[in-house]
Amino acid sequence: MAEIEIGVLSRQCLARRIPDRETLERQIAAWQARRNAAATPVDWRFRTEDSRVKLKSLYPIIPC
């Protein structure tokens, strides 16, 4: 999820030249506030069952 947010931040906020650190911090804070207010859900397409098939050695099935 963090990687998704970093990608969105990069495309929406950082895809231009920013003159100094203070401006960068203000821009990121404003972007973050808008993003949190929107509460955009994440559409997970890689389910646990899919991961168990693809990454069998990393996701062993543990009997309950």
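Residue numbers 1068 to 1131, in my numbering, belong to the letters of the sequence shown in order. Yeah, the Cβ is synthetic: ideal placement off N, Cα and C, and Gly gets one too.
> Which class does THR1107 belong to by DSSP, given the choice of helix, strand or coil?
Replying inline: As a working mapping, residue 1107 is identified with position 40 in the sequence shown. The answer is coil: DSSP assigns THR1107 none of H, G, I, E or B.
> How long is the line joining the alpha carbons of TRP1056 and CYS1080, rounded to whole angstroms?
Replying inline: Here the chain has residues from 1068 to 1131 only, and residue 1056 is not among them.
> So ARG1119 is in the alpha helix (DSSP H); what residue range does that whole segment cover?
Replying inline: Reading the sequence shown from its first residue, position 52 is the one you call residue 1119. Where ARG1119 is concerned, the enclosing alpha helix (DSSP H) stretches over 1115-1121.
> Are ARG1102 and GLU1072 touching if we call contact CB-CB under 9 Å?
Replying inline: As a first step, residue 1102 is located in the sequence shown; it is residue number 35 there, counting from the start. As a first step, residue 1072 is located in the sequence shown; it is residue number 5 there, counting from the start. Note that the C-beta distance between ARG1102 and GLU1072 is below 9 Å.
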